[in-house]
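Here the structure comes first, spelled out in structure tokens, and everything after it is commentary.
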Amino acid sequence: MPMNVQFFDHKVHEGRHLHETSTWNAFEVNILLNLSSYLLKQGYRCRDITIISAYSGQVELFEETISTRFTHLTDIRVTTIDAYQGEENKIILLSLVRSNVHNNVGFLKTVNRVCVALSRAKQGLYIMGNMKCLSADSQLWQEIKNKLVTRRS
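Okay, so the sequence shown: first residue is 1 according to full-length UniProt numbering, each after it adds one.
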């Protein structure tokens, strides 16, 4: 993980459309798009920022929300973690999506996927998720939580 890491912890539950497998979290979309707007005001350009998520449903919600409510962010790349392997950017906004009463994090337990997600940022990594849910279902996320606490991120 880069030195400039910030984890935004929340308890807002994920959503899922009936008969669909991908999950989404509208709360994370709203917060991270507002953070993107703030970063632009700090001098970053859209091409300096990439938003990644493990879930295609979340990527679709980001794209839909950008096209309707955050049109000034249309040049920010939004993609899945899997599609972003081998790439990096100055600022990475990571939307983890999973937040549920069953503490089920799905394939966010996959070490390779998590390593890709946490290693794409050159200058700043902003992570949004439910750490209670993540760390309850995954030893890997428990270790990440401990590291973040030690760093006071």
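No residue lacks a Cβ here, since even glycine has one placed at the ideal position from N, Cα and C.
Do you know how far the Cα of residue j is from the Cα of residue i?
i    : j    : result
I127 : L18  : 27 Å
E60  : L108 : 18 Å
K145 : E64  : 31 Å
T71  : S36  : 12 Å
R47  : D75  : 7 Å
R120 : N4   : 12 Å
T21  : R45  : 34 Å
Q142 : T68  : 37 Å
H13  : T23  : 10 Å
A26  : K41  : 23 Å
F7   : Q85  : 21 Å
T79  : F62  : 9 Å
Taking the beta carbon of residue i as the centre, do at least 16 other beta carbons fall within 10 Å, making it buried, or is it exposed?
i    : result
Y38  : exposed
D137 : buried
G43  : exposed
A83  : exposed
T150 : exposed
Q58  : buried
Quick check on the DSSP output: the beta strand (DSSP E) that includes residue i runs from which residue to which?
i    : result
A112 : Before going on, a small fix: residue 112 reads as Asn here, not Ala. Per DSSP, N112 belongs to no beta strand (DSSP E); it is in the alpha helix (DSSP H), 111-118.
Can residue i and residue j be called in contact, C-beta distance under 8 Å?
i    : j    : result
I91  : I49  : yes
A54  : V101 : no
K122 : E87  : no
S105 : L134 : The displayed chain sequence assigns Val, not Ser, to residue 105. Yes, the Cβ-Cβ distance between V105 and L134 is below 8 Å.
A117 : I31  : no
H10  : S99  : yes
I66  : L93  : no
Check the C-beta distance from residue i over to residue j and give it rounded, since I have them as a contact under 8 Å.
i    : j    : result
S140 : V114 : First, the residue type needs correcting, since residue 140 is Leu and not Ser in the sequence shown. The pair is a contact, with the Cβ atoms about 6 Å apart (cut-off 8 Å).
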